[in-house]
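Participant: Residue numbers (my numbering): 276 to 710.
Note that CB positions come from ideal geometry on N, CA and C, so glycine has one too.
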Amino acid sequence: METFGCQMNEYDSELVRSLLKTQGFGFTDQSDHADVILLNTCAIRENAHNRVYGHLGKLKYHKKERGVVIGVLGCMAQNLKKELLESQPFIDVLVGPDGYRQLPNLLTKAMETQTRGLSVDLSEYETYEQILPERVGGVNAWIAVMRGCDNFCTFCVVPYTRGRERSRDPKGILEEAQGLAKRGYRQITLLGQNVNSFQFEQYDFAKLVTAVADIPGIERVRFMSPHPKDFPPALLDVVAQHPHVASQIHLPLQSGNDRVLDAMGRNYSQADYRRLVDDIRRRGDIPLTTDIICGFCGESDAEYRDTYQLIEEMGYQAAYVFKYSERKNTIAAKKFPDDVPEAIKKERVAELIDLQKSISLQKNRELIGQTVNVLIEGDAKKSSQQWMGHTESNITVVWDKSLQASHPGEFLPVLIEDVSASTLFGRPVQSLPFP
Ligand code: 5AD
Ligand code: SF4
């Protein structure tokens, strides 16, 4: 099984593994040995689609040579439905994000009787309660606390691929988190397409974050991805004050211009966003990250400049900058022409990435000489001779393993000696200047 897209998709793949294992399926890392190949797909932007199409092309070979069963799961399956089955005749099974309970059955039918199968109905209730995802890693665990999205930002396909918002019963979430703490997980990331609109009867998101962070053994709680419209003071207080909730907020801006924000259906103005950031900053040093879309329908140069200026002013720790990509079925696709030339979109993206790089570098440089508290997660990407972990504000830190015997799951004070725009480099120090 291969997974594309966001953490929610990674989490769903863990759910699918668990569902299939209980039905007697096993897993291999080598596609040459597999009887079934599954792709869990993403539909958020065109390049996500293209990556999946590229991969499907490779799978044709396995189909032709060995007759493997091919299953396409996730957001692209949901968004394209029959169109995908028709255009890619070698796909056997197509299952959207709410249909995974059907998957074992559909795969068995495809294997035994070569029947093609489809499960792309969205549900108002499915939260995969009682299914414990098959997790890997051992340090950070994802828990999806709500699924779907009711915001209908005009650019976004998620409400169509993942359906209506629904929250899980906090009782099940807390039992799952307690079980994870007992198994040694130190960090929990609460996930949802619109995570801070979690609401189960009278139980809201601030209460949920607090309850998870209060579990003995859970040292760090994060959440992804919130919407600026759902940040009540109680939630800001929890982020600012709870010792086990990471002091960091991802606050997607998308655009710094009011006309564009309105056309995007974001339900806040530049002034509302600034007010929220002021509210956050009044509570302390809480680093922010953001998402930006460049070249949304009709975005003029002056409107784009508003975004540029706001990014300059906000001093984000990091910004994820995307080129607007029209998605089938969305409100923007129906209402507005995708009229910003590709070359201009690319120029704007490149300029904002450059701007943010210089801001991130400057912020990281301020950390040189400081000691940060790092949760060790595993080997660094570039070398197994180095450890990699994150600061509370979610910046990657890398250091040589030879400097101190340590293990994943441990918190370590690391003195920062050098930085790039995305990574801090340092060495562990003995004394712990933390409360
Ligand atoms: N085009 C470009 N970027 C998009 N995003 C969502 N939909 C689109 C789209 N159609 C971006 C938003 C969102 C992030 C997850 O992906 O910035 O916050
Ligand atoms: Fe992609 Fe959004 Fe689906 Fe995640 S929820 S896989 S980002 S389309």
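Is ASP566 near the ligand 5AD, with its Cβ less than 6 angstroms from a heavy atom?
Facilitator: Yes, the Cβ of ASP566 comes within 6 angstroms of a heavy atom of the ligand 5AD.
Participant: Quick check on PRO508: buried or exposed, where buried means 16 or more other Cβ atoms within 10 Å of its Cβ?
Facilitator: Exposed, by the Cβ-count rule.
Participant: With respect to 6 angstroms, is the separation between the Cβ of SER600 and the closest non-hydrogen atom of the ligand 5AD below this value?
Facilitator: Under cutoff, so the answer is yes.
Participant: Hey, LEU360 and VAL311: beta-carbon distance below 7 angstroms or not?
Facilitator: Not closer than 7 angstroms, so no.
Participant: Can you list, in chain order, the residues of its chain whose CB lies under 6 angstroms from that of PRO710, leaving out five sequence neighbours each side?
Facilitator: Residue placement at PRO710 is flagged as unreliable, the pLDDT there being 44, under the threshold of 50; a coordinate-derived value is accordingly withheld.
Participant: Find the nearest neighbour of ASP693 within the set ALA593, ARG640, SER659, GLN661, judged by alpha-carbon distance.
Facilitator: Looking at the Cα atoms, ARG640 is the closest of the given residues.
Participant: Could you please give the first and the last residue of the uninterrupted alpha helix (DSSP H) stretch that includes ASN322?
Facilitator: Its alpha helix (DSSP H) spans residues 321-341.
Participant: Can you give me the Cβ contacts of VAL420 inside the same chain, cut-off strictly under 6 angstroms, excluding the 5 residues immediately before and after it?
Facilitator: So the qualifying residues of the chain are ARG443, ILE448, LEU465, GLY467, PHE473.
Participant: Once you ignore the five residues that flank PHE506 on each side, which residues in its own chain have a CB closer than 7 angstroms to its CB?
Facilitator: The residues are ASN471, LEU551.
Participant: Give the range of the alpha helix (DSSP H) segment to which ASP675 is assigned.
Facilitator: It is not in any alpha helix (DSSP H) - ASP675 instead sits in the beta strand (DSSP E) that spans 671-675.
Participant: Does at least one heavy atom of the ligand 5AD sit under 6 angstroms from the Cβ of CYS569?
Facilitator: Because no heavy atom of the ligand 5AD lies under 6 angstroms away, the Cβ of CYS569 does not count as near it: no.
Participant: Among ILE319, ILE691, LEU536, ARG437, which has the Cα closest to the Cα of THR666?
Facilitator: That would be ILE691, whose Cα lies nearest to the Cα of THR666.
Participant: In this structure, how does DSSP classify PHE709 when only helix, strand and coil are distinguished?
Facilitator: Confidence in PHE709 is poor, its pLDDT being 49 and thus under 50, which makes the residue's placement too unreliable to answer from.
Participant: Measure the alpha-carbon distance for ASP613 versus PRO703 and round it to whole angstroms.
Facilitator: Rounded to the nearest angstrom, the two C-alpha atoms are 50 angstroms apart.
Participant: Tell me whether the segment 582-595 and the segment 400-412 touch, counting them as touching only if at least three CB pairs, one residue from each stretch, are closer than 8 angstroms.
Facilitator: No, the segment 582-595 is not in contact with the segment 400-412.
Participant: Within 10 angstroms of its Cβ, does ASN415 collect 16 or more other Cβ (buried), or is it exposed?
Facilitator: It is buried - the Cβ of ASN415 has at least 16 other Cβ atoms within 10 Å.
Participant: Can you list, in chain order, the residues of its chain whose CB lies under 8 angstroms from that of THR429, leaving out five sequence neighbours each side?
Facilitator: Same-chain partners within the cutoff: ALA538, MET539, GLY540, THR605, ILE606, ALA607, LYS610, PHE611.
Participant: According to DSSP, is TYR599 helix, strand or coil?
Facilitator: Of the three classes helix, strand and coil, the one that applies to TYR599 here is coil, per DSSP.
Participant: By how many angstroms is the C-alpha of SER697 removed from the C-alpha of LYS632?
Facilitator: If I take the Cα positions, the gap works out to 8 angstroms.
Participant: Going straight from the alpha carbon of CYS317 to that of VAL347, what length do you get?
Facilitator: Answer to the nearest angstrom: the Cα atoms are 10 angstroms apart.
Participant: Taking its Cβ as the centre, do 16 or more other Cβ atoms sit within 10 Å of ASN354, making it buried, or is it exposed?
Facilitator: ASN354 should be labelled buried.
Participant: Classify ASP560 as buried or exposed, calling it buried when 16 or more other Cβ atoms lie within 10 Å of its own Cβ.
Facilitator: Under this definition ASP560 is an exposed residue.
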